[in-house]
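Numbering (the working numbering), first residue to last: 29 to 212.
Backbone N, C-alpha and C fix where the C-beta goes; we use that ideal spot for every residue, glycine too.
Just so we're clear, the structure is a prediction, and the values are computed from it rather than from any experiment.
Worksheet for the structure shown next.
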Ligand code: AMP
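Written as structure tokens, this is what we have:
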């Protein structure tokens, strides 16, 4: 079963595709955004610490997520495959993940970039209606993506782990392209 790291800007369709494919392969879909939204809803210590960052479209401090990811990827259901959606989001998180996967002897992870033009991203995000989908926060999330997450394309390309998919297509076509790419 695959180990996939979904890259792509906010609104690229990572969540939707990750959920579909994880269901198809019966492997965990691990979304740090979902974990944080759950924690904020419960008002847990993690949620309370994360809230102001998420509300502003900033990344939460790495330390809030590294232990959680280590815990999650150590679970029995994560041993034979997973899809990560929203993690890593910067080079520090990617280096941490690389070392963690070595430690857990989970090899052959691949990063998939879902490529979608900027103007499509903004209209998709505005249509989604999530609490952090106001125009100002969206703009900041896209900036943060460009500054901190985009360098991961090179990070994974340098390691020959990168694959890219055209995410600006009907979602069934994106799923089909992903399945085809991963089967080859
Ligand atoms: P998402 O659902 O992936 O768009 O994430 C929503 C928000 O959660 C982001 O805008 C960040 O504030 C926060 N977040 C999610 N994943 C991470 C991460 N790996 N590192 C830091 N912040 C994150």
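The ligand AMP and residue i: does the residue's C-beta get closer than 6 Å to at least one heavy atom of that ligand?
i, result
"residue 138", "no"
"residue 81", "yes"
"residue 73", "no"
"residue 7", "With the chain running from 29 to 212 in the structure shown, residue 7 is simply not present."
"residue 88", "yes"
"residue 60", "yes"
"residue 112", "no"
"residue 179", "no"
"residue 101", "no"
"residue 64", "yes"
"residue 145", "no"
"residue 115", "yes"
"residue 38", "yes"
"residue 167", "no"
Please list, in chain order, all residues of the same chain as residue i whose beta carbon is under 8 Å from its beta carbon, the five residues on each side excluded.
i, result
"residue 3", "Because the chain in this structure spans residues 29 to 212, residue 3 falls outside the shown range and cannot be described."
"residue 87", "81, 117, 118, 172, 176"
Which same chain residues end up closer than 7 Å to residue i when comparing Cβ atoms and leaving out the 5 residues on each side of it in sequence?
i, result
"residue 100", "58, 106"
"residue 181", "35, 141, 190"
"residue 183", "119, 122"
Helix or strand or just coil, what does DSSP make of residue i?
i, result
"residue 193", "strand"
"residue 141", "strand"
"residue 55", "coil"
"residue 206", "helix"
"residue 158", "coil"
"residue 74", "helix"
"residue 31", "strand"
"residue 151", "helix"
"residue 80", "helix"
"residue 90", "helix"
"residue 107", "coil"
"residue 95", "helix"
"residue 134", "coil"
So, is residue i buried or exposed, given that buried needs 16 or more other C-beta atoms within 10 angstroms?
i, result
"residue 213", "With the chain covering only 29 through 212, there is no way to say anything about residue 213."
"residue 127", "exposed"
"residue 97", "buried"
"residue 78", "buried"
"residue 63", "buried"
"residue 188", "exposed"
"residue 121", "buried"
"residue 85", "buried"
Would you say residue i faces chain C, with C-beta separation under 7 Å as the test?
i, result
"residue 76", "No chain C appears in the structure shown, which is made up of a single protein chain."
So the beta strand (DSSP E) residue i belongs to, where does it begin and stop?
i, result
"residue 124", "Unbroken run through residue 124 is the alpha helix (DSSP H), 119–131; no beta strand (DSSP E)."
"residue 62", "Where residue 62 is concerned, there is no enclosing beta strand (DSSP E), although the alpha helix (DSSP H) it sits in stretches over 60–70."
"residue 112", "110–113"
So, at 6 Å on beta carbons, what are the nonlocal neighbours of residue i in its own chain, with the 5 sequence-adjacent residues on each side left out?
i, result
"residue 113", "34, 42, 43, 46, 59"
"residue 125", "116"
Go to residue i, then tell me how far its alpha helix (DSSP H) extends in each direction, as first and last residue.
i, result
"residue 180", "179–186"
"residue 167", "163–172"
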